[in-house]
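A.B. asks:
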Amino acid sequence: MSQQFGAAAARTTADAMRDKLKVEAPVVGMILGSGLGKVAAALESPRKVSYGDVPGFPRVSVVGHAGEATAGKLEGREVLVFSGRPHMYEGNPAQMVAFPVRVLHALGAGVLFLSNAAGGIRRSYRAGDLMIIEDHINLMSQNPLTGSLQEGDDRFPDMSEAYDALLRKLMRDTAPELSVPLHEGVYAGLTGPSYETRAEIRMLERLGADAVGMSTVPEVIVARALGMRVAGVSCIANVASGLSALPVSHTEVLDTTGRVSDQFVKLIRALVGAL
Ligand code: HPA
């Protein structure tokens, strides 16, 4: 398993992607979640490829995830955007879920930017707010680094500042330019695909989580093992289970992420421009 989605496989996939996209060492690699793929449309001189046309790259099957890679320039800097990601709830092991990070690293990206849709747990959060991820809690019952040590990996990576403090500050500085509230908080990663029960949300609140989602954690762990600098943003797509009278639905998640996508692009532009 760890060989199949390990460093050597990532180099092979990265070579194929470099060939197809004519991408030279992107400054930032991005993995964007549900409905947040609009960033790809903001790139200058874009080159695109479907995941399915890149040998060894995981397929994605969720509505709202395009499943394509776009290389191009944003604020004058070369970036590579993965719109859509594999999830553990599709039955994928954590090593596979984090494989795109290994590919970005093999292509030369030193900074990883991740986004996701999440349920808001902190009582002041509203659907449509954005949250800089300050830290995470891994409740996915897997760690993508288990198995044989991969070339370039730290066996026991420090996670005490998994989300880069300077990148978080650069994002905080963009708050005045945004027309939506920008929070900073703790993301709890669960496998899903069922949304949480009300009791689970009460538990997560007591554990110190501000938002909950089904992605991001495995990717961050691998990025830290590889020494990449990490930044992440959650789009609060809905208030979490039991915190409003409404049930949680994927349609609402896509509606909200679509609604804030312009603000999200603004935030990413400001971040990349400040690097
Ligand atoms: N829970 C878990 N994942 C999510 C949610 C949620 O409420 N909203 C969007 N992704």
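For the sequence shown, the working numbering assigns the number 26 to the initial residue and increments by one for each residue that follows.
Beta carbons are placed, not taken as given, at the ideal position from N, Cα and C, and that holds for glycine.
It should be emphasised that the depicted structure is a prediction, and the values quoted were computed from it without experimental measurement.
(1) Where do the N-terminal and C-terminal ends of the beta strand (DSSP E) with D160 fall, by residue?
(2) Would you kindly work out how many angstroms separate the C-alpha atoms of A96 and V106, rounded to a whole number?
(3) Can S59 be considered in contact with the ligand HPA, in the sense that its beta carbon sits closer than 8 Å to one or more heavy atoms?
(4) Among all the DSSP beta bridges, which residues are the ones paired with N141?
(5) Round the Cβ separation of S266 and E230 to the nearest angstrom and send it over; I've been treating them as touching at under 8 Å.
(6) Do S70 and H275 have their CB atoms nearer than 9 Å?
(7) According to the neighbour-count rule (16 or more other Cβ atoms, all chains shown, within 10 Å of its Cβ), is T313 buried or exposed?
(8) Assuming the contact rule is C-beta atoms closer than 8 Å, M156 and I261 should be a hit. Round their C-beta distance to whole Å, please.
(9) Tell me which residues share the same chain as N168 and place their Cβ nearer than 7 Å to its Cβ, disregarding the 5 neighbours each side in the sequence.
(10) Mind checking if G267 is an interface residue toward chain C, Cβ cutoff 9 Å exclusive?
(11) So, does the segment 33-47 touch the segment 129-149, judging by three or more C-beta pairs under 8 Å?
(12) Less than 6 Å between C-beta atoms, sequence neighbours within five positions excluded: which residues of the same chain meet that for F82?
(13) Out of L268, K291 and A236, point me to the one whose CA is closest to I162's CA.
(14) Buried or exposed: where does D44 fall if 16 or more other Cβ atoms within 10 Å of its Cβ makes it buried?
C.D. replies: By the coordinates alone:
(1) Numbered from 1 along the sequence shown, position 135 holds the residue referred to as residue 160. Per DSSP, D160 belongs to the beta strand (DSSP E) from L155 to N163.
(2) In the sequence shown, residue 96 corresponds to position 71, counting from 1. In the sequence shown, residue 106 corresponds to position 81, counting from 1. C-alpha separation (whole angstroms): 6 Å.
(3) What you label residue 59 is simply residue 34 of the sequence shown in a count that begins at 1. Yes, the beta carbon of S59 sits closer than 8 Å to at least one heavy atom of the ligand HPA.
(4) In the sequence shown, residue 141 corresponds to position 116, counting from 1. Answer is S259.
(5) In the sequence shown, counting from the first residue as 1, residue 266 sits at position 241. In the sequence shown, counting from the first residue as 1, residue 230 sits at position 205. 11 Å between Cβ atoms; not a contact.
(6) For this step, residue 70 is matched to residue 45 along the sequence shown. For this step, residue 275 is matched to residue 250 along the sequence shown. Cβ atoms of S70 and H275: not closer than 9 Å.
(7) Given that the chain is displayed from residue 26 to residue 300, the structure contains no residue 313 and the question cannot be resolved.
(8) The residue labelled residue 156 in the question sits at position 131 within the sequence shown. The residue labelled residue 261 in the question sits at position 236 within the sequence shown. Rounded, the Cβ-Cβ distance is 6 Å, consistent with contact.
(9) Here the question's residue 168 lines up with position 143 in the sequence shown. Correct list, in chain order: A119 and I246.
(10) Among the chains in the structure shown there is no chain C, since it carries only a single protein chain.
(11) yes
(12) Looking up residue 82 in the sequence shown gives position 57. T38 and Y76, listed in sequence order.
(13) Residue mapping note: residue 162 aligns to position 137 of the sequence shown, counting from 1. Per the Cα distances, A236.
(14) Residue numbering aside, residue 44 sits at position 19 when the sequence shown is read from its first letter. Counting Cβ neighbours within 10 Å, D44 comes out exposed, since fewer than 16 surround it.
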